[in-house]
Every structure is written in structure tokens, then in C-alpha cells.
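Chemist: Starting off with a structure, shown below.
2 protein chains.
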Amino acid sequence: MTYGMIATWRMACDGIAAATKDLANGGTSQKAIVDAIKMVEDYPFYKSVGYGGLPNEVGMVELDAAFMNGDNFDIGAVAGSRGVKNPIAVAEKLSHERFNSFIVGDGVAKYAIKEGFEMQNMLTERAKKTWSNRLDEMSRSNLSPYDGHDTVGMVAVDKTGSMSCGTSSSGLFMKKEGRVGDSPLSGSGFYVDSEIGGATATGLGEDLMKGCLSYETVRLMGTGLEPQAAVHQAMTTFANQLERRKGKCGAFSLVAMNNKGEWGVATNVEFSFAVATENLEPTIYLAYPAEDGGYPTIEVASQEWLDAYQTRITAPIQ
Amino acid sequence: MTYGMIATWRMACDGIAAATKDLANGGTSQKAIVDAIKMVEDYPFYKSVGYGGLPNEVGMVELDAAFMNGDNFDIGAVAGSRGVKNPIAVAEKLSHERFNSFIVGDGVAKYAIKEGFEMQNMLTERAKKTWSNRLDEMSRSNLSPYDGHDTVGMVAVDKTGSMSCGTSSSGLFMKKEGRVGDSPLSGSGFYVDSEIGGATATGLGEDLMKGCLSYETVRLMGTGLEPQAAVHQAMTTFANQLERRKGKCGAFSLVAMNNKGEWGVATNVEFSFAVATENLEPTIYLAYPAEDGGYPTIEVASQEWLDAYQTRITAPIQ
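Chains Y and B, in that order, give the protein sequences. According to our numbering, the first sequence holds residues 121 to 438 in order. According to our numbering, the second sequence holds residues 121 to 438 in order.
Laid out in C-alpha cells, this is it:
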């Protein structure tokens with residue numbers, strides 16, 4: 121059997137590069153997901169996940185994460201987590217609980233402390249400055265406070281054919297206290313079935329949860345569609361519905377992989393993602409929505425793009 | 121066009137009886153859902169919803185609720201709500217927000233207070249006694265603390281063909297702080313599309329969210345299945361999967377109604393539910409799972425059953 125991982129955003133690539141090495145050596149999909157997402161959570165310059173994630177409207181970092189095991193459908197999730205170093209690790213632990221597997225608010229830190237997880241102040245000096253600058257901008261203009269909601273979501277298949285997926289996010293920048301998006305919600309932010317495949321989403325959580333797009337993508341793969349056809353059909357069908365019925369549709373980007381390591385992507389905005397499989401070195405791609413409603417244009421990210429990205433995320437903040 | 125409501129558990133009946141009178145006079149499905157669920161939340165003897173709901177392991181009542189508008193897919197939800205009198209009303213209000221439409225933990229009370237919602241200590245003397253007795257029982261035996269997770273869920277269609285649904289629950293008795301079940305999760309606890317129909321679930325939330333059963337039921341109705349066929353197929357297919365893949369499956373009960381007011385029910389345990397339509401007076405039914413895996417046996421609840429129920433829920437607690 122083959123192995124592979126697909127994940128949302130450029131930030132996921134280092135994590136999946138390391139984790140697929142482990143998959144090549146017989147590591148499990150469960151471990152790959154947790155290890156790879158932890159790397160993203162720990163890197164301080166990714167401002168939408170884990171340590172260094174941007175805070176809510178009162179300056180508090182509140183994090184959401186989920187883990188799903190595609191063998192038995194076990195799910196663990198946290199939302200509004202404060203002060204826990206690795207929300208994905210707590211979510212994975214919760215997935216083994218028969219009861220109380222989705223915990224929110226204060227309860228997350230209480231559970232994490234009792235279970236021996238590492239605690240950490242998740243607010244970096246850099247994130248605090250970005251927040252403070254945004255408050256200034258908002259006081260000077262009518263700028264919408266909401267901006268940025270780049271969840272890292274990953275799907276993995278290991279050599280035994282076992283699949284898992286996970287998500288981690290600081291959610292919408294300047295969100296209200298306790299706001300939760302799609303990332304910890306089964307079927308919306310993520311879904312995986314080892315007998316079929318998995319999918320995960322990023323974008324405007326408030327709109328993604330209206331369509332259960334990760335579940336729908338996996339279901340369509342289960343009817344025999346290739347991942348690219350399934351994820352494209354799930355996303356465009358619902359995005360069109362939402363345009364027609366509500367008059368607008370937020371940013372939607374999804375990635376999918378089946379249990380053969382085949383993959384696909386759907387998006388209605390410019391979107392970076394990362395893939396590594398038995399036959400493909402870890403690669404960062406850019407996807408652009410097609411104007412005719414067809415499959416997105418996909419190209420390998422250029423060195424110039426990667427350099428500009430790294431410069432941008434590490435640029436000094438006044 | 122016709123009108124109607126279906127809802128989980130006997131406790132829903134007075135609410136839908138009142139709300140369908142309003143539907144008969146041209147009231148909206150949105151108002152019907154909020155009014156009917158508020159009646160359940162306000163009645164102190166229903167121990168799994170709203171005021172009088174059973175507390176978590178530390179004696180705190182934490183409530184979950186959600187509202188969905190089937191015309192435009194707007195969703196509002198709260199989880200781990202403390203001290204808010206009517207979580208369903210807050211959820212409905214949140215459904216109008218483009219951002220921050222799902223709020224958990226402390227954030228719920230903060231939002232509710234700012235928006236002028238009524239606050240109330242949701243712990244009744246009766247619920248406190250029940251909790252305290254349970255602690256005693258647990259200290260004397262190896263009794264599992266978890267018991268009771270009777271979410272009220274409702275689906276409504278009004279004379280214009282507009283549909284809505286909602287849920288409200290105190291969740292699992294003795295749950296850990298911040299535990300969330302399926303009730304506020306789109307696609308798992310509820311889903312509705314006015315062009316098709318709606319569905320809502322009650323049972324073990326940790327297992328219900330593994331299958332996105334409310335979404336799947338609505339999707340199947342959208343392929344042309346009658347509500348009874350759709351809800352039965354959604355539930356039994358996934359319950360069988362879970363038995364095979366995980367070795368066990370928690371309590372699952374779902375009700376569904378399409379936009380013609382036709383309805384169906386699926387359950388793997390004894391389950392009461394209530395229906396009222398243009399052609400059916402408010403009626404309480406009991407459903408029993410069929411041994412052959414076919415549709416459940418459905419009968420009107422006898423006066424004897426109703427009397428015993430009322431006696432049980434209002435019996436003095438020592």
C-alpha cells in the first residue's frame with residue numbers, strides 16, 4: 121500500500137515533509153497528523169494556528185482543533201482553548217474518550233492540565249503588536265475587523281491503509297470571545313473514512329458549516345469519484361446554492377485525499393496547499409479558481425513566491 | 121401550502137401544539153421553532169433542556185442550542201452557555217450574524233448580556249438534588265456517571281414553504297466542564313433546506329457527530345426519498361458501520377420532515393416524539409426499533425403512558 125498527506129496552506133509543508141518520512145518507515149496516519157500539526161502550531165510566525173496565532177477582540181488567543189480516526193470514526197475536538205501548547209494533541213487524546221470527546225472554553229485547559237499536557241502562553245509579542253495595530257486601524261477607519269482565517273487541515277493515509285485527519289486554527293482574527301468556526305466541527309471542517317478517503321476545509325467557517333462540505337466530499341469519493349471530481353463537485357454545488365439562496369458565499373478551500381493517495385483541491389480564492397506521497401516529494405502548490413467554474417488551475421509554487429512568503433511572515437512589525 | 125412540526129421527545133408536544141396554531145394563522149417557521157423550544161426550555165421539570173436541566177460534574181448547568189434557517193442556510197449556535205435563560209433565542213439571534221455565529225463558553229453570556237437577553241440561574245433545587253444524589257450513588261458503586269442526553273430538536277415548515285429547525289440541550293448528565301455533544305453541530309444535531317426538508321437528532325452526541333446523520337437524512341430526501349425512508353436509511357447505514365468498525369454504537373434517534381409536511385422517524389432505542397401538521401392534531405408517538413432492521417414500530421402514546429410520564433418527572437426527590 122502507498123502513503124501520503126495533503127494539507128491546507130504553505131505553512132503545512134514542513135510538517136508533512138517530516139511526517140511522511142515517518143509514514144515511509146511504517147508510521148501510523150494518526151501519529152503523522154498529530155506530529156505534522158504540532159510543527160505548525162509550534163512555529164511562531166504562522167499567525168493563524170497555535171503559538172503566535174492572532175488573538176480575539178479582547179486580545180486573548182483562543183484556539184480550535186480536531187482529530188478524526190478514519191478506521192473507527194473516533195473524533196476528539198477542542199474549541200476556545202486557552203493556554204494549551206498543542207490543541208491538536210489534546211484533540212487526539214479526547215478522540216479515545218467514549219464520552220466527553222468535544223470540550224470547549226475553560227474545560228479545555230482543565231482537561232489538559234489533568235491529563236498532563238504542556239501549558240504555554242500562546243500570545244507572542246508579534247501577535248500582540250499585530251492586534252494592537254489593528255485596533256488602531258479600526259479606530260481610524262471603518263475597516264471590518266475580520267480578516268484571516270487560515271486553518272491548517274491535514275489528511276493522511278499510511279501504508280496499512282489507515283487514514284486520519286486533523287485541523288488546528290486560531291480562527292477569525294478579532295473574533296468575539298468564544299467564537300467557533302468550522303475547524304472543530306465534524307463534517308464541516310474535516311471528515312475521514314479509511315475505506316474511502318478524507319477531506320478538510322479552510323475559509324469562512326460560518327459559511328463552511330452551512331454545507332458540511334468535508335463530509336460531502338468524502339461521501340462523493342465513496343460513490344466512486346476521484347478526489348478532484350468529488351471535492352470540486354461538493355464545493356461548487358454548495359457555493360452556487362449559497363450564492364443563489366443567500367446572495368453571497370465566503371472563502372471556501374478544501375483538500376481531499378483517498379486511500380490510494382490520490383488527491384484533489386477545490387477553492388474559490390487563491391490558495392496554497394502542500395502534498396507529499398510515496399511518489400511525490402513534499403511540494404507546495406498554488407491553486408487558482410477557474411473562471412469557467414471548472415477545476416482550479418494548479419501550479420507548483422515558485423522559489424520567488426516562497427521567498428516573498430517567508431519575508432512577509434517574518435517582516436518586523438512596528 | 122401546508123404547515124407542520126416534528127420534534128424529539130414527549131416534552132416537545134406542548135411547544136409544537138402552541139406553535140402550530142401560530143403556523144395555521146400564517147406564522148413563520150423561524151418563530152415557531154424559537155417559541156416552541158423556549159416553552160421546553162422554560163418548563164422546570166424537563167431535566168435535559170433549559171431551566172431545570174441537569175448540571176455537569178461540578179454542578180454547573182451548561183447548555184447547548186442551535187438554530188438553522190432553511191431558506192438561506194443561516195446558522196446560529198451556542199455551547200457551554202451559563203446563566204442565559206433561553207439559549208435557543210440567542211442561537212436564533214446569532215444566525216443573523218455573518219461572522220461570529222457560533223459562540224461557546226463565557227462568550228455566550230457576554231454576547232447575551234450585550235444583546236439584552238434575559239439572564240437566569242438555570243439550576244433548580246430539583247436538579248441540584250438529582251445531581252447530589254447521583255454523586256452519592258457514584259461514590260457507593262461503580263455506576264457510570266453518564267446517563268440521559270435528551271435533546272429537544274424540532275423541524276418546522278410554514279405555509280409559505282419556509283423551513284427552520286432548532287435544538288436545545290443540557291447535554292450529558294455529569295458531563296465534564298465544557299463538554300459539547302452533537303446538538304449545536306450543523307449536519308450532526310440538525311440540518312434543514314427549505315427546498316427539501318429538515319432533520320434533527322438526539323442520543324449519544326459523541327457517536328452522532330461521527331456520522332453527520334441530520335445532513336445525510338436531508339440529502340437523501342433531496343434525492344427523492346420519503347422522510348421515513350431517508351431517515352431510516354441514514355441511521356441504519358451508519359449505525360451498522362459503527363457497529364462493524366468500532367464494535368458499538370450509542371443511542372441514535374432522529375426525526376425528519378419534508379417541505380410537504382410528510383415525516384419519518386428512526387431510532388435504535390425506545391423513543392417518544394411529537395408531530396403536529398395541518399392534518400394532524402398535536403400527537404405524541406412512541407417508536408420502537410424493529411428487530412429485523414426495518415422501519416420502527418410507531419404507536420400513539422396511551423393515556424396511561426402519558427400519566428406515568430408526568431408522575432415520574434414531577435415525583436418528589438429526596
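Ideal Cβ positions, reconstructed from N, Cα and C, are used throughout, including at glycine.
Under the three-state reduction of DSSP, which class applies to B:Met358: helix, strand or coil?
Modeler: On the second sequence, position 238 is the one that residue 358 of chain B refers to. Met is not the amino acid found at residue 358 of chain B; the sequence shown has Phe there. Three-state result, B:Phe358: helix.
Chemist: Compute the Euclidean distance between the alpha carbons of Y:Phe219 and Y:Gly307, then round it to the nearest angstrom.
Modeler: Walking along the first sequence from the start, residue 219 of chain Y turns up at place 99. Walking along the first sequence from the start, residue 307 of chain Y turns up at place 187. Looking at the two C-alpha atoms, the distance is approximately 19 Å.
Chemist: In the segment 261-319 of chain B, which residue ranges form an unbroken beta strand (DSSP E) of at least 3 residues, counting only runs that do not cross its ends?
Modeler: 272-277, 283-289 and 310-313
Chemist: Check the C-beta distance from Y:Ala197 over to Y:Leu174 and give it rounded, since I have them as a contact under 8 Å.
Modeler: One-based indexing of the first sequence puts residue 197 of chain Y at position 77. One-based indexing of the first sequence puts residue 174 of chain Y at position 54. So it is not a contact: roughly 21 Å between Cβ atoms.
Chemist: Quick one: give me the first and last residue of the beta strand (DSSP E) that B:Ala396 is part of.
Modeler: For the purposes of this step, residue 396 of chain B is taken as residue 276 along the second sequence, with counting starting at 1. Here the beta strand (DSSP E) through B:Ala396 covers Phe391 to Thr397.
Chemist: Using the Cβ count rule (16 or more neighbours within 10 Å means buried), how would you classify B:Pro436?
Modeler: As a position in the second sequence, residue 436 of chain B is number 316, starting the count at 1. B:Pro436 comes out exposed.
Chemist: If the cut-off is 7 Å on Cβ atoms, which residues from the segment 347-376 of chain Y count as contacting chain B, listed in chain order?
Modeler: Leu362, Arg365 and Lys366
Chemist: Report the neighbours of B:Asn220 on chain D: residues whose CB is nearer than 7 Å to its CB, in chain order.
Modeler: Among the protein chains of the structure shown, namely Y and B, there is no chain D.
Chemist: Taking 9 Å as the cut-off, decide whether the C-beta atoms of Y:Asn360 and Y:Phe372 are in contact.
Modeler: As a first step, residue 360 of chain Y must be located in the first sequence, where it is residue number 240. As a first step, residue 372 of chain Y must be located in the first sequence, where it is residue number 252. Judged by beta-carbon spacing, Y:Phe372 lies beyond the 9 Å limit of Y:Asn360, meaning their Cβ atoms are not closer than that value.
Chemist: I'd like to know if the segment 127-138 of chain Y and the segment 386-404 of chain Y are in contact, where contact means that at least 3 CB-CB pairs between them fall below 8 Å.
Modeler: yes
Chemist: Alpha carbons only, please: which of B:Arg260, B:Leu328, B:Lys366 and B:Ala186 is nearest the one belonging to B:Val272?
Modeler: Your numbering for residue 272 of chain B matches position 152 in the second sequence. It is B:Ala186.
Chemist: Run through chain Y and tell me which residues come within less than 7 Å of B:Cys332, C-beta to C-beta.
Modeler: Here residue 332 of chain B refers to the residue found at position 212 when the second sequence is read from its first residue. Those are Ser306, Gly307, Cys332 and Tyr335, listed as they occur along chain Y.
Chemist: For B:Gly309 versus B:Pro347, is the C-beta distance shorter than 9 Å?
Modeler: Locating residue 309 of chain B in the second sequence gives position 189, where the first residue counts as 1. Locating residue 347 of chain B in the second sequence gives position 227, where the first residue counts as 1. Result no, Cβ atoms of B:Gly309 and B:Pro347 do not sit closer than 9 Å.
Chemist: Would you mind listing the alpha helix (DSSP H) stretches within the segment 337-384 of chain B that are 4+ residues and don't spill past its ends, in chain order?
Modeler: 347-366
Chemist: Going by the beta-carbon positions, is the gap between B:Ser284 and B:Val312 smaller than 9 Å?
Modeler: To locate residue 284 of chain B, count along the second sequence from 1; it is residue 164. To locate residue 312 of chain B, count along the second sequence from 1; it is residue 192. Against a cut-off of 9 Å, the Cβ pair of B:Val312 and B:Ser284 comes out as a contact.
Chemist: With DSSP as the reference, label Y:Leu328 as helix, strand or coil.
Modeler: Here residue 328 of chain Y refers to the residue found at position 208 when the first sequence is read from its first residue. Here Y:Leu328 sits in helix by DSSP.
Chemist: At a CB distance below 9 Å, what residues from the segment 179-211 of chain B approach chain Y? Give them in sequence order.
Modeler: Glu182, Met188, Asp191, Asn192, Phe193, Asp194, Ile195, Ala197, Val198, Ala199 and Gly200
Chemist: For Y:Lys330, which of Y:Gly318, Y:Phe358, Y:Trp425 and Y:Ile316 has the nearest alpha-carbon?
Modeler: The count along the first sequence starts at 1 and reaches residue 330 of chain Y at position 210. Nearest of Y:Gly318, Y:Phe358, Y:Trp425 and Y:Ile316 to Y:Lys330, Cα basis: Y:Phe358.
Chemist: Alpha carbons only, please: which of Y:Glu326, Y:Tyr231, Y:Gly203 and Y:Ser334 is nearest the one belonging to B:Met188?
Modeler: The residue labelled residue 188 of chain B in the question sits at position 68 within the second sequence. For B:Met188, the nearest C-alpha among the options comes from Y:Glu326.
Chemist: Give me whichever residues DSSP pairs with Y:Ser149 in a beta bridge.
Modeler: Taking the first residue of the first sequence as position 1, residue 149 of chain Y is located at position 29. Its beta-bridge partners do not exist; DSSP assigns none.
Chemist: Quickly, what does DSSP pair Y:Phe187 with across the bridge? List them, please.
Modeler: To locate residue 187 of chain Y, count along the first sequence from 1; it is residue 67. Y:Gly196 and Y:Gly286.
Chemist: Compare the C-alpha of B:Lys249 against each of B:Met125, B:Ala350, B:Pro416 and B:Lys167 and name the closest.
Modeler: The residue labelled residue 249 of chain B in the question sits at position 129 within the second sequence. Minimum Cα distance to B:Lys249 is reached at B:Lys167.
Chemist: Of all Cβ atoms in chain B, is any one closer than 9 Å to the Cβ of Y:Val277?
Modeler: Counted from its first residue, the first sequence places residue 277 of chain Y at position 157. Y:Val277 does not count as touching chain B.
Chemist: Helix, strand or coil: how does DSSP classify Y:Val204 here?
Modeler: What you label residue 204 of chain Y is simply residue 84 of the first sequence in a count that begins at 1. Three-state result, Y:Val204: strand.
Chemist: Could you tell me whether the segment 250-259 of chain B touches the segment 227-239 of chain B, where touching means 3 or more Cβ pairs closer than 8 Å?
Modeler: Contact between the segment 250-259 of chain B and the segment 227-239 of chain B is absent: fewer than three C-beta pairs spanning the two stretches fall below 8 Å.
Chemist: So, for B:Arg365: in the same chain, excluding its five sequence neighbours on each side, which residues have a beta-carbon less than 6 Å away from its beta-carbon?
Modeler: As a first step, residue 365 of chain B is located in the second sequence; it is residue number 245 there, counting from the start. Excluding sequence neighbours, B:Arg365 sits near nothing in its chain.
Chemist: Exposed or buried, B:Tyr408, counting other C-beta atoms within 10 Å across all chains shown (16 or more means buried)?
Modeler: Within the second sequence, the letter at position 288 stands for residue 408 of chain B. The residue in question, B:Tyr408, is exposed, as its Cβ has fewer than 16 Cβ neighbours within 10 Å.
Chemist: Just to confirm, is the Cβ distance from Y:Asn241 to Y:Ser314 under 9 Å?
Modeler: Here the question's residue 241 of chain Y lines up with position 121 in the first sequence. Here the question's residue 314 of chain Y lines up with position 194 in the first sequence. Not in contact: Y:Asn241 and Y:Ser314 (Cβ atoms no closer than 9 Å).
Chemist: Where does Y:Ile157 sit, in a helix, a strand or coil, going by DSSP?
Modeler: Position 37 of the first sequence holds residue 157 of chain Y. In the three-state scheme derived from DSSP, where H, G and I count as helix and E and B as strand, Y:Ile157 is classed as helix.
Chemist: For B:Ala137, does the three-state DSSP call read helix, strand or coil?
Modeler: As a working note, residue 137 of chain B is residue 17 in the second sequence. In the structure shown, B:Ala137 sits in a helix (DSSP, three-state: H, G or I).
Chemist: Can a CB atom of chain Y be found closer than 9 Å to the CB of B:Leu263?
Modeler: Within the second sequence, numbered from 1, the residue matching residue 263 of chain B stands at position 143. Output row for B:Leu263: interface = no.
Chemist: Can you tell me whether Y:Gln438 is buried or exposed? The criterion is at least 16 other CB atoms within 10 Å of its CB, across all chains shown.
Modeler: Mapped onto the first sequence, residue 438 of chain Y falls at position 318. Flag for Y:Gln438 reads exposed.
Chemist: Residues of chain B with a CB under 7 Å from the CB of Y:Val224: which are they?
Modeler: Numbered from its first residue, the first sequence carries residue 224 of chain Y at position 104. Result: Ala199, Gly200, Val224, Gly225, Gly298 and Val300.
Chemist: Which one of Y:Ala209, Y:Thr356, Y:Val204 and Y:Ala211 has the shortest CA to CA distance from Y:Ala229?
Modeler: Translated into positions along the first sequence, residue 229 of chain Y becomes position 109. That would be Y:Val204, whose Cα lies nearest to the Cα of Y:Ala229.
Chemist: Alpha carbon to alpha carbon, what distance is there between B:Gly227 and Y:Arg299?
Modeler: Here residue 299 of chain Y corresponds to residue number 179 of the first sequence, with the count starting at 1. Here residue 227 of chain B corresponds to residue number 107 of the second sequence, with the count starting at 1. The alpha-carbon atoms of Y:Arg299 and B:Gly227 are separated by roughly 7 Å.
Chemist: For B:Val224 versus B:Gly190, is the C-beta spacing smaller than 9 Å?
Modeler: For the purposes of this step, residue 224 of chain B is taken as the residue at position 104 of the second sequence. For the purposes of this step, residue 190 of chain B is taken as the residue at position 70 of the second sequence. Not closer than 9 Å, so no.
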